[in-house]
Every structure is written in structure tokens, then in C-alpha cells.
Amino acid sequence: MGWTLQELIDAGMSVTAGCLECHRHQALDLPALRDRFGADESATEWDLRPKMKCAVCGGRRVTLTYSPDTSPKDLYRKSR
Ligand SMILES: [Zn+2]
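Residue numbers (the working numbering): 94 to 173.
Have a look at this one:
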């Protein structure tokens with residue numbers, strides 16, 4: 094896969110970060126990441142993972158799960 098942040102958004106994908114320390118899961122705010130890193134920023138797991146930090150415990154050992162977004166209305170609300 095060679096996704097950029099914009100391509101993930103356009104494809105309606107959602108990315109969930111899971112913390113290996115405290116086992117919390119949180120959906121990433123892709124439009125916010127795009128605004129922060131740029132639309133052309135590579136969004137593959139190995140590119141994004143070093144940028145991620147657990148919001149709960151601050152742990153940096155996170156996994157990323159990519160899945161098709163099942164709530165397109167929510168996607169449009171956030172990105173348009
Ligand atoms: Zn954590």
C-alpha cells in the first residue's frame with residue numbers, strides 16, 4: 094500500500110490506533126493529521142506509527158489498523 098493522508102480520506106478509510114501499553118483504541122482524525130502533516134504525507138503504518146503517541150498513557154508502542162469507513166456521513170461532516 095502507498096497511501097497518502099488525502100488518499101485515505103478520499104477512499105473513506107478509517108485508521109484506528111491501538112496502544113500496546115494500555116490497550117486503548119482510538120480512531121485517528123485523518124483530516125486533522127492532513128492539516129498538520131500535509132495532504133501528500135505518506136500514511137502507511139510504518140510512516141505514521143513513529144508520529145503517534147497514546148493519548149491515554151503517552152506510550153509510543155502503537156499499532157495501526159486500516160479499515161473501510163462505515164459511517165460516510167460522519168466522514169463528510171469532518172472533511173468538508
Ligand atoms: Zn496507552
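Even for Gly, the Cβ is constructed at its ideal location relative to N, Cα and C.
Per DSSP, the bridge partner or partners of residue i
i, result
"Leu174", "Any property of residue 174 remains undetermined from this structure, which presents the chain solely from 94 to 173."
Cβ pair residue i, residue j closer than 8 Å
i, j, result
"Ala110", "Gln119", "yes"
"Arg129", "Val149", "no"
"Pro93", "Met106", "Residue numbering for the chain in the displayed model covers 94 to 173; residue 93 lies beyond these limits and cannot be assessed."
"Gly95", "Thr137", "yes"
From the options, residue whose alpha carbon lies closest to that of residue i
i, options, result
"Asp140", "Ala125, Thr156, Met106", "Thr156"
"Thr97", "Leu123, Glu114, Gly151", "Leu123"
"Arg153", "Leu113, Arg127, Glu138, Ala125", "Leu113"
Burial state of residue i (16 or more Cβ within 10 Å)
i, result
"Ala104", "exposed"
"Cys147", "buried"
"Ala125", "exposed"
Unbroken stretches of the beta strand (DSSP E), 3 residues or longer, contained in the segment 109-150: Qualifying beta strand (DSSP E) stretches, in chain order: 118-120.
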